[in-house]
Ligand SMILES: Nc1ncnc2c1ncn2[C@@H]1O[C@H](COP(=O)(O)OP(=O)(O)OP(=O)(O)O)[C@@H](O)[C@H]1O
Ligand SMILES: [Mg+2]
């Protein structure tokens with residue numbers, strides 16, 4: 047059952063009054079997959095996750111999570127049993143200890159004490175939690191707090207874990223440690239659905255959906271996304287001699303670019319397929335060293351989610 051689908055979404059739409067926060071999206075997630083959900087602020091990622099966690103009933107479309115059809119609000123409870131959720135804003139109570147937070151969540155989940163104690167020690171071992179259980183959450187470094195929060199979302203042994211920007215504001219070393227845990231969970235058969243604004247993290251997902259204004263505008267593996275977003279060659283242009291930033295800003299408005307993104311005084315560019323653009327590229331060679339590069343996910347993200355809509 048390697049390829050069975052644990053999340054199946056078809057034509058999902060969520061409206062807040064007349065505003066479409068999620069606008070007719072269709073996708074599925076495979077069991078054991080690390081599925082990345084990317085998009086600019088307000089694209090609709092959290093809203094989608096709230097539906098998939100049984101927290102919000104959609105306006106229309108069909109949703110199946112871990113075999114349960116979300117057909118009416120009465121299905122919410124069954125869905126909640128199957129999913130773990132680490133929310134974007136709220137994670138743990140700062141003024142409670144680690145143990146108090148975990149027992150509180152276990153009681154909300156209806157986990158009996160014997161099961162809880164067993165799960166608690168397994169999960170704290172899993173995150174290698176080495177501090178006293180009576181540490182106040184507010185005294186933990188941010189990265190450790192996020193790991194405890196992950197542990198809390200695993201207490202009821204969910205099939206799918208939704209992580210909404212779990213590493214926002216966490217140091218690079220702690221982010222990489224968090225991703226080791228994510229990969230270990232996936233190897234153990236858990237499905238991971240994760241949002242992030244960090245492209246190095248997105249690169250570690252098996253597939254990525256890119257959202258823009260409530261719609262999924264691309265969905266594929268990181269390497270396929272790069273091919274699809276940049277069918278033409280991408281170049282890095284580096285000034286040969288001193289150049290002003292205003293010159294770079296002026297360049298940006300040139301019609302010959304299919305894609306233009308400055309990184310300081312360097313820029314990444316793809317050119318229109320016209321003879322004029324070829325000439326223009328040639329003329330740029332006077333001031334810039336132009337080298338063909340493989341697109342980064344950041345290029346893909348900028349082009350697909352922030353560029354002019356086609
Ligand atoms: N309860 C609500 N009532 C009204 N509008 C809402 C509500 N929840 C979300 N929205 C709006 O829906 C849109 C999508 O929000 P959502 O939180 O899903 O975005 P996001 O992709 O998670 O963004 P971010 O990267 O900032 O977390 C936003 O414009 C937001 O303001
Ligand atoms: Mg969000």
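Residue numbers (this note's numbering): 47 to 356. Just so it is clear, CB atoms sit at the ideal spot from N, CA and C, and this is done for glycine as well. Remember, it's a predicted structure, so these values are computed and weren't measured experimentally.
Check, Outcome
"Near ligand 2: residue 92 beta-carbon under 7 Å from a heavy atom", "yes"
"Whole-angstrom C-beta distance between residue 59 and residue 107, which should lie under 8 Å", "5 Å"
"Environment of residue 301 [buried if 16+ CB atoms lie within 10 Å]", "exposed"
"The alpha helix (DSSP H) enclosing residue 6, as first and last residue numbers", "The structure shown has nothing for residue 6, since the chain only spans 47 to 356."
"Bridge partners - residue 115, DSSP secondary structure assignment", "110"
"Alpha carbon of residue 116 to alpha carbon of residue 104, nearest angstrom", "9 Å"
"Under the three-state DSSP convention, the category residue 157 falls into", "coil"
"Beta-carbon proximity of residue 288 to residue 345, cut-off 8 Å", "no"
"Buried versus exposed, by CB contacts within 10 Å (16 or more), residue 50", "exposed"
"Exposed unless 16 or more other CB atoms sit within 10 angstroms - verdict on residue 149", "buried"
"Contact the segment 231-245 vs the segment 82-100: 3+ CB pairs below 8 Å", "yes"
"Burial state of residue 193, where buried means 16 or more other Cβ atoms lie within 10 Å", "buried"
"Same chain only: Cβ atoms within 7 Å of residue 97, ignoring 5 sequence neighbours per side", "58, 60, 104 and 109"
"Euclidean distance between Cα positions of residue 186 and residue 324", "56 Å"
"Residue closest to residue 118, alpha-carbon to alpha-carbon, out of 141, 322, 315 and 102", "102"
"Limits of the alpha helix (DSSP H) - the one that residue 293 falls within", "291-298"
"Where the alpha helix (DSSP H) containing residue 212 begins and where it ends", "Here residue 212 belongs to no alpha helix (DSSP H), and DSSP marks it neither H nor E."
"Cβ separation of residue 78 and residue 316, assumed to be a contact under 8 Å, to the nearest whole Å", "Between residue 316 and residue 78 the Cβ distance is about 35 Å, and since that is not below 8 Å, they are no contact."
"Given residue 189 as reference, the closest of 173, 200, 128 and 203 once Cα atoms are compared", "173"
"Reduced DSSP category for residue 305 - H, G, I as helix; E, B as strand; rest coil", "strand"
"Residue 83 - containing beta strand (DSSP E), residue span", "80-85"
"Proximity test, residue 136 beta-carbon vs ligand 1 heavy atom, cut-off 7 Å", "no"
"Beta-carbon proximity list for residue 312, same chain, < 8 Å, skipping 5 on both sides", "282, 283, 284 and 285"
"Check: residue 85 C-beta below 7 Å from any heavy atom of ligand 1", "yes"
"Separation of residue 318 from residue 304, as counted between CA atoms", "5 Å"
"C-alpha gap between residue 239 and residue 76, whole angstroms", "10 Å"
"Supposed close pair residue 93, residue 112 - CB separation, criterion 8 Å", "Incorrect: roughly 20 Å between the Cβ atoms, too far for contact."
"Continuous beta strand (DSSP E) assignments of at least 3 residues falling wholly in the segment 166-237", "206-210"
"Closest by C-alpha distance to residue 147, when choosing among 197, 280 and 278", "197"
"Residue 88 CB to nearest heavy atom of ligand 1 below 7 Å", "yes"
"Exposed unless 16 or more other CB atoms sit within 10 angstroms - verdict on residue 277", "exposed"
"Neighbourhood of residue 294 by C-beta distance below 7 Å, restricted to the same chain and skipping five residues each side", "308, 311 and 313"
"Span separating the alpha-carbon of residue 226 from that of residue 217", "14 Å"
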